[in-house]
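This report concerns only the one structure given below.
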Amino acid sequence: MEEPNRSRRRQRIKRIGSVGVIIVLIIAGVLYWVIRPKQPRVTVAVIHKMTIQNQVFAAGDVYPVERQVVLQTDLPSPVSKVSVTVGEHVHQGQLLMTCQNAAQTSQLDAAETQYQQAQATLNQTQQQANATPLGLRAQFNGTLASLKSSLAQAQSQLASAQAAYNQTVIKATITGTVLSLSPDGLASDGSSAPVIEVVGPQKQVVVNVSEVDAVHVKAGERASVTSDAYPNHTWTATVKSVALFANNSNSGAGQVEVDLSLPQNCPIPLGYQVNANIISETHKNALTIPYSSLVQVGSQYMVYVMQGNRAVQIPVNLGITTDTAVEVTSGLKVGQEVVLNPPTNLSNGERVVVTGHD
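Here is the structure:
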């Protein structure tokens, strides 16, 4: 009787032990699942070819290509008469305004009279010499030489008087439009202002770009120009010139002036601010990757490329870079997958879980 009871107790102990082992294994499995290292979850993109452009963005102002500016300090005397109005179209050589010039007019009249008298006296003496027998003409040589010297002196005085008078008569040096008029050289707020300004019909945009961007910009390249004053409108401009030197800005960084020619029909007024997007370089069929896939290690750029279920770090050389894409000149092939925004703790060759494709 005692033997069967002992046997049943051993069986219960074995069953309890088996259940305990199972429970321990379950607990161990749950703990491992909870605390085991989790594989990074990543999004990838497929490498492909596309056209990529290097673009330089800058803001600038609209200026005339040609302009004539006359300042108060350029005038010999105050303005006495204005012959044009603001907004009037003028031609090269047209009279714009006249300064007080009574003295200059008097001097010019006197110089003209003196020159005419000197010329008449010389002509009369020359006629007398010509009418004299050949053997006696030598007696006129000294007189003629003196009269010619007097005529040259009168001609020089006439030229000086004419130049002085011309300074009092302001004429248009270009064909264009009268932009502003301030005969007294003062603006409405009392500050100094040009006496008159005439601008030509051609407009240009003047922008300043960084030294880094300037080396990529060349004359003849295209640019798109937009203005907040004209939403949903874009004009195509052309790089006319790039300054040969840089000016230091307030921040200390060098800025290079770039002039863009606007089309003739561009309605943006002078002085308005515009935004310019200069297309400095274009590469077709360029191998490109998203900018977000780049990782910088020291001075070398890297990307993580999927090899099976592992992310492997590959060094790359770069070409054109934009805000969203980067040209890769070596290191990768079309069709490979690169990891986007790699986790900072991602290790080279680590297993990852791909959760999406971009």
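Going by UniProt numbering, the first residue of the sequence shown is number 1, and it counts up by one from there. Even for Gly, the Cβ is constructed at its ideal location relative to N, Cα and C.
Reduced DSSP secondary structure (H/G/I, E/B, other) of residue i
{"i": "Lys148", "result": "helix"}
{"i": "Val34", "result": "Bear in mind that the predicted position of Val34 carries a pLDDT of just 48, short of 50, making it unreliable; the figure below should be weighed with that in mind. Note: Val34 maps to helix in three-state DSSP."}
{"i": "Thr168", "result": "coil"}
{"i": "Tyr272", "result": "coil"}
{"i": "Phe57", "result": "strand"}
{"i": "Glu281", "result": "strand"}
{"i": "Gly349", "result": "coil"}
{"i": "Gly298", "result": "coil"}
{"i": "Asp259", "result": "strand"}
{"i": "Leu332", "result": "coil"}
{"i": "Thr355", "result": "strand"}
{"i": "Thr344", "result": "coil"}
{"i": "Leu158", "result": "helix"}
{"i": "Ala253", "result": "coil"}
{"i": "Gln264", "result": "coil"}
{"i": "Gln190", "result": "In the sequence as presented, Gln is not what sits at residue 190; that position holds Gly. Looking at Gly190 - three-state DSSP - the assignment turns out to be coil, as it is neither helix nor strand."}
{"i": "Ala246", "result": "coil"}
Residue i and residue j closer than 8 Å at C-beta
{"i": "Ala172", "j": "Gln94", "result": "yes"}
{"i": "Asn208", "j": "Glu281", "result": "no"}
{"i": "Ser77", "j": "Thr168", "result": "yes"}
{"i": "Val242", "j": "Val206", "result": "no"}
{"i": "Ser292", "j": "Val303", "result": "no"}
{"i": "Val118", "j": "Leu151", "result": "Going by the sequence as given, residue 118 is Ala instead of Val. Yes, the pair counts as a contact, with Cβ atoms nearer than the cut-off."}
{"i": "Pro290", "j": "Ala59", "result": "no"}
{"i": "Asn232", "j": "Phe57", "result": "no"}
{"i": "Ile279", "j": "Arg222", "result": "yes"}
{"i": "residue 359", "j": "Val199", "result": "Residue 359 lies beyond the stretch modelled for the chain, which goes from 1 to 358, so this question has no answer here."}
{"i": "Ile170", "j": "Val274", "result": "no"}
{"i": "Ile314", "j": "Gly331", "result": "yes"}
{"i": "Gln92", "j": "Ala164", "result": "no"}
{"i": "Phe140", "j": "Ala131", "result": "no"}
Alpha carbon of residue i to alpha carbon of residue j, nearest angstrom
{"i": "Glu197", "j": "Ser227", "result": "25 Å"}
{"i": "Thr51", "j": "Ala286", "result": "6 Å"}
{"i": "Gln55", "j": "Asp74", "result": "43 Å"}
{"i": "Ser210", "j": "Leu96", "result": "41 Å"}
{"i": "Val34", "j": "Ile22", "result": "Reliability fails at Val34, whose pLDDT of 48 lies under 50, so the model's placement of it is uncertain and no value is given."}
{"i": "Ser146", "j": "Gln126", "result": "12 Å"}
{"i": "Gly335", "j": "Arg310", "result": "16 Å"}
{"i": "Lys240", "j": "Gln204", "result": "9 Å"}
{"i": "Asp358", "j": "Gln68", "result": "57 Å"}
{"i": "Ser261", "j": "Ala229", "result": "19 Å"}
{"i": "Glu112", "j": "Leu158", "result": "6 Å"}
{"i": "Glu88", "j": "Thr329", "result": "57 Å"}
{"i": "Val215", "j": "Leu318", "result": "17 Å"}
{"i": "Asn348", "j": "His48", "result": "23 Å"}
{"i": "Thr355", "j": "Gly308", "result": "14 Å"}
{"i": "Pro40", "j": "Val297", "result": "20 Å"}
{"i": "Val62", "j": "Leu179", "result": "14 Å"}
{"i": "Val352", "j": "Lys38", "result": "9 Å"}
{"i": "Ser156", "j": "Gln116", "result": "13 Å"}
Of the listed residues the options, nearest to residue i (C-alpha basis)
{"i": "Thr85", "options": "Asp109, Cys266, Val195", "result": "Val195"}
{"i": "Ile301", "options": "Gln307, Val326, Gly308, Val274", "result": "A small fix is needed here, since residue 301 is Tyr in this sequence, not Ile. The candidate whose alpha carbon is nearest that of Tyr301 is Val326."}
{"i": "Val295", "options": "Tyr165, Gly308, Pro343, Lys333", "result": "Pro343"}
{"i": "Ala102", "options": "Ala161, Leu136, Thr121, Leu270", "result": "Ala161"}
{"i": "Thr43", "options": "Asp213, Tyr63, Val305, Phe245", "result": "Val305"}
{"i": "Pro64", "options": "Thr322, Asp259, Gln313", "result": "Asp259"}
{"i": "Thr238", "options": "Asn247, Gln202, Lys38, Tyr272", "result": "Gln202"}
{"i": "Ile174", "options": "Glu66, Gln72, Thr132", "result": "Glu66"}
{"i": "Gln104", "options": "Asn166, Leu136, Cys266, Lys38", "result": "Asn166"}
{"i": "Asp184", "options": "Thr177, Gly176, Ala193", "result": "Ala193"}
{"i": "Ser182", "options": "Asn247, Gln53, Val79", "result": "Val79"}
{"i": "Gln100", "options": "Gln116, Gln114, Lys81", "result": "Lys81"}
Proximity test, residue i beta-carbon vs the ligand PLP heavy atom, cut-off 7 Å
{"i": "Asn285", "result": "Absence of the ligand PLP from the depicted structure is noted, as is the absence of any ligand whatsoever, leaving it without description."}
Proximity test, Cβ basis, 8 Å: residue i and chain D
{"i": "Asn341", "result": "No chain D appears in this structure, which consists of one protein chain only."}
- Can you check the region 196 to 237 for any alpha helix (DSSP H) of at least 4 residues that lies completely inside it and give the ranges in chain order? Listed in chain order, they are 211 to 214.
Would you mind listing the beta strand (DSSP E) stretches within the region 61 to 119 that are 3+ residues and don't spill past its ends, in chain order? Counting whole runs of 3 or more residues, the region 61 to 119 contains the beta strand (DSSP E) stretches 67 to 70, 79 to 82, 95 to 99.
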